[in-house]
Amino acid sequence: MARIPLAPLSDLTQARYVIHLSDGKRLVLFRLPTIEPAKNGTQTQNETPTSANANGNANAKTHTNTKPSKARNDANGWSYYAMEAECPHAGGPMQDSAIDIEDSAYVVSCPWHAYDFNVETGESSVGIKACTFPVDVTAEGEGETRMVAVEYVSEREGWDEGVGLVKLEAVSETMKLKKGSTISTTAKTNPNPKTGEMGVGEDDGPVRYLDDNATVCEWCAHILNTSHPEHKIELTAHLFKIFTEREGTTSAMVIGDRSSVTLPDLPPRDGVKDVTRGAVPKPGRGGTQKSRINMLHALANIEQWAIDLAVDICVRFAQFQTTETQPQGLPRAFFHDWLKVANDEAKHFSLLRTRLEELGSYFGALPVHHGLWEAATSTAHDLRARISIIALVHEARGLDVNPVTIDKFRKAGDGESVDTLEIIHNDEITHVTTGHRWLTWICGQEDTDPVQVFRGNVQKYYRGPLREPFNEEARLQAGLDRSYYEDLVGYQPYQSAPAPA
Ligand code: FES
1 MARIPLAPLS DLTQARYVIH LSDGKRLVLF RLPTIEPAKN GTQTQNETPT
51 SANANGNANA KTHTNTKPSK ARNDANGWSY YAMEAECPHA GGPMQDSAID
101 IEDSAYVVSC PWHAYDFNVE TGESSVGIKA CTFPVDVTAE GEGETRMVAV
151 EYVSEREGWD EGVGLVKLEA VSETMKLKKG STISTTAKTN PNPKTGEMGV
201 GEDDGPVRYL DDNATVCEWC AHILNTSHPE HKIELTAHLF KIFTEREGTT
251 SAMVIGDRSS VTLPDLPPRD GVKDVTRGAV PKPGRGGTQK SRINMLHALA
301 NIEQWAIDLA VDICVRFAQF QTTETQPQGL PRAFFHDWLK VANDEAKHFS
351 LLRTRLEELG SYFGALPVHH GLWEAATSTA HDLRARISII ALVHEARGLD
401 VNPVTIDKFR KAGDGESVDT LEIIHNDEIT HVTTGHRWLT WICGQEDTDP
451 VQVFRGNVQK YYRGPLREPF NEEARLQAGL DRSYYEDLVG YQPYQSAPAP
501 A
């Protein structure tokens with residue numbers, strides 16, 4: 001067994017890190033508030049985390065077991081755990097897992113198919129087990145620096161001894177908000193100070209937050225009606241944070257009623273020129289900086305629409321009922337999953353906007369189109385159709401295209417953009433998984449076949465054939481085997497799309 005020092009305790013401030021080892025293996029280091037046994041026999045936490053959010057704060061689901069935490073170490077109120085980074089089910093990214101407390105132990109759920117694993121023992125309720133590794137904190141060296149180290153046994157031949165740390169990489173969930181982003185829902189469009197061109201202003205007034213009693217529907221409608229992109233991403237991140245923090249507590253957010261809010265026909269946009277799809281500049285092949293800026297700009301536009309699509313699905317279908325003898329409403333997990341998607345899309349927009357600025361451009365410098373929203377409008381009457389077209393056609397198409405785009409940036413030596421695009425690609429797999437999960441759930445309730453429901457919706461609401469080549473591996477990771485998309489053709493171009501019911 002090798003004891004591998006990772007970092008001084010004082011350097012670790014994030015909730016999750018990826019540990020890259022010299023034998024090629026990757027682990028996830030979780031830094032979580034220590035669960036302590038309470039005097040009355042229940043469990044408490046010595047910090048104040050309450051949610052299963054992306055920052056590692058744990059959702060206090062159950063606190064009834066008297067079994068003390070068996071955390072290997074407890075330093076300054078934090079416990080450290082190491083687990084293999086690839087999910088043992090099908091390789092999902094465990095660094096992106098959701099974190100809960102169940103029976104007084106931390107449980108992480110894989111983002112791809114939601115298998116849950118005890119972060120200390122690796123045990124799962126589905127019977128498979130993830131590899132976990134003891135972590136300790138000890139004082140070392142002359143200055144008695146407290147070091148965090150992992151005890152590791154390599155399964156790879158020839159690596160019994162001598163495995164070392166290659167890199168410790170923080171998993172950033174941080175939204176790249178603009179400094180002092182305090183802008184209003186009626187934000188103005190300002191000229192770029194350098195060029196005089198029209199762009200989005202940064203000092204247009206405060207973000208408008210709703211009060212503590214606002215429902216999920218009210219928040220989603222507010223985000224849809226917010227025209228300034230910096231406001232939109234800030235509000236979206238805030239909504240996901242408060243939803244997860246309050247979930248499982250006595251102040252869990254009320255989902256609310258779709259009929260009590262006003263949804264825009266077309267969500268407003270500040271700082272961009274909206275044109276038809278054909279009038280958007282062609283991205284080129286990525287060989288020049290101008291071409292790469294075009295690509296990043298087009299992607300940032302898609303991500304901003306994707307925020308709206310994810311919050312729209314929560315509010316528009318809040319009262320959805322399955323069609324069976326005993327109709328079912330949507331479980332709260334549905335809203336959690338799509339708010340997580342919205343939060344990811346906001347993060348993606350912030351990363352792309354930041355990258356554009358690093359390259360000397362800005363979001364709003366080029367015209368954009370709203371084709372994705374048109375797809376949302378034609379499926380606004382049916383949740384099954386909405387999931388089929390937006391998540392399982394358009395988002396799945398992203399899985400096909402992303403590796404090609406990433407390759408273009410890599411060939412151009414633009415490593416920073418590659419890093420951004422890889423974060424986006426990995427998240428997008430989980431978004432297709434979310435679509436597959438909820439279409440499958442609805443079909444399970446209604447005793448229908450999700451493959452047939454999906455194919456039927458594509459034939460009705462998508463024009464032309466699904467474009468090849470398909471990224472079969474990424475699609476399969478998201479739950480889509482070939483039976484979903486093989487030889488699938490939507491309605492013909494000379495036909496018009498059917499009017500929404
Ligand atoms: S649950 Fe992790 S890959 Fe399926």
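First residue of the sequence shown: 1, per full-length UniProt numbering; consecutive thereafter. Built from N, CA and C at the ideal position, the CB exists for glycine as well.
Alpha carbon to alpha carbon, how far is residue j from residue i? Give it in angstroms, no decimals.
i: Arg-16; j: Trp-441; result: 31 Å
i: Val-163; j: Ser-22; result: 6 Å
i: Phe-454; j: Thr-420; result: 31 Å
i: Gly-77; j: Val-401; result: 44 Å
i: Glu-472; j: Arg-482; result: 8 Å
i: His-297; j: Leu-356; result: 7 Å
i: Gln-43; j: Ala-252; result: For Gln-43, the predicted model reports a pLDDT of 42, less than 50, meaning its position is unreliable and no value from the coordinates is stated.
i: Asp-11; j: Arg-146; result: 10 Å
i: Thr-48; j: Asn-213; result: Here the model assigns Thr-48 a pLDDT of 28, short of 50, so the residue's position is not dependable and the matter cannot be decided.
i: Glu-416; j: Ser-350; result: 14 Å
i: residue 535; j: Gly-122; result: Examination of residue 535 is not possible in this model, given that the chain is present from 1 through 501 alone.
i: Gly-56; j: Asp-382; result: A caution first: Gly-56 carries a pLDDT of 41, below 50, which makes its placement in the model unreliable, though a value can still be read off. Spanning the two alpha carbons is a distance of roughly 35 Å.
i: Phe-243; j: Asp-344; result: 15 Å
i: Val-254; j: Glu-245; result: 13 Å
i: Pro-367; j: Leu-9; result: 48 Å
i: Glu-468; j: Tyr-106; result: 42 Å
i: Lys-340; j: Val-315; result: 14 Å
i: Thr-325; j: Pro-267; result: 36 Å
Would you mind reading off the limits of the alpha helix (DSSP H) that contains residue i?
i: Thr-250; result: No alpha helix (DSSP H) contains Thr-250, which DSSP labels as neither H nor E.
i: Met-295; result: 289-316
i: Asp-419; result: 415-446
i: Trp-112; result: Premise fails: Trp-112 is in no alpha helix (DSSP H) and is neither H nor E.
i: Arg-482; result: 482-485
i: Leu-399; result: 396-411
i: Tyr-362; result: Unbroken run through Tyr-362: none, as it is neither H nor E.
Do the CB positions of residue i and residue j come within less than 8 Å of each other?
i: Phe-30; j: Tyr-81; result: yes
i: His-348; j: Glu-303; result: yes
i: Leu-352; j: Trp-305; result: no
i: Ala-376; j: Leu-309; result: yes
i: Ile-101; j: Ile-35; result: yes
i: Thr-132; j: Glu-120; result: yes
i: Ser-154; j: Lys-25; result: yes
i: Asp-96; j: Thr-430; result: yes
i: Tyr-485; j: Phe-470; result: yes
i: Cys-220; j: Val-135; result: no
i: Phe-79; j: Leu-32; result: Looking at the sequence provided, one finds Ser at residue 79 rather than Phe. Taking 8 Å as the Cβ cut-off, Ser-79 and Leu-32 qualify as a contacting pair.
i: Gln-445; j: Leu-359; result: no
i: Ala-130; j: Pro-93; result: no
i: Glu-234; j: Val-216; result: no
i: Gly-456; j: Val-489; result: no
i: Ala-85; j: Val-18; result: yes
i: His-228; j: Leu-210; result: no
i: Glu-428; j: Gly-398; result: yes
Identify the continuous beta strand (DSSP E) that holds residue i and give its terminal residues.
i: Asp-337; result: Looking at the DSSP string, Asp-337 is not in any beta strand (DSSP E); the run it does join, the alpha helix (DSSP H), is 332-358.
i: Leu-165; result: 165-170
i: Arg-386; result: Counting along the chain, Arg-386 falls outside any beta strand (DSSP E), though it belongs to the alpha helix (DSSP H) covering 383-386.
i: Ser-109; result: 105-109
i: Trp-373; result: Where Trp-373 is concerned, there is no enclosing beta strand (DSSP E), although the alpha helix (DSSP H) it sits in stretches over 371-378.
i: Leu-27; result: 26-33
i: Asn-118; result: 116-118
i: Pro-229; result: First-last for Pro-229: 229-246, but that is the alpha helix (DSSP H), not the beta strand (DSSP E).
i: Val-137; result: 135-140
i: Pro-5; result: 2-8
Write down the C-beta distance between residue i and residue j rounded to the nearest angstrom, noting that I regard them as a contact closer than 8 Å.
i: Leu-165; j: Met-83; result: Wrong, their Cβ atoms sit about 16 Å apart, outside the cutoff.
i: Lys-232; j: Ile-307; result: 6 Å
i: Ala-90; j: Trp-112; result: 7 Å
i: Val-148; j: Ala-7; result: 6 Å
i: Leu-224; j: Leu-263; result: 6 Å
i: Met-1; j: Tyr-152; result: 7 Å
i: Leu-466; j: Ile-387; result: Actually they do not touch by this definition, with Cβ atoms about 16 Å apart.
i: Val-126; j: Gln-14; result: Not confirmed; about 28 Å, so no contact.
i: Ala-346; j: Leu-480; result: About 25 Å; that fails the 8 Å criterion.
Is there contact here, the region 330-338 with the region 226-238, by at least three beta-carbon pairs under 8 Å?
-> no
With a cut-off of 8 Å, do at least 3 Cβ pairs link the region 317-330 to the region 257-266?
-> yes
Are there three or more Cβ pairs, one per stretch, closer than 8 Å when the region 267-274 is compared with the region 357-364?
-> yes
Contact between the region 460-469 and the region 418-438 (3+ Cβ pairs under 8 Å) = no
For the region 280-289 against the region 401-420, are there 3 or more C-beta pairs whose distance is under 8 Å?
-> yes
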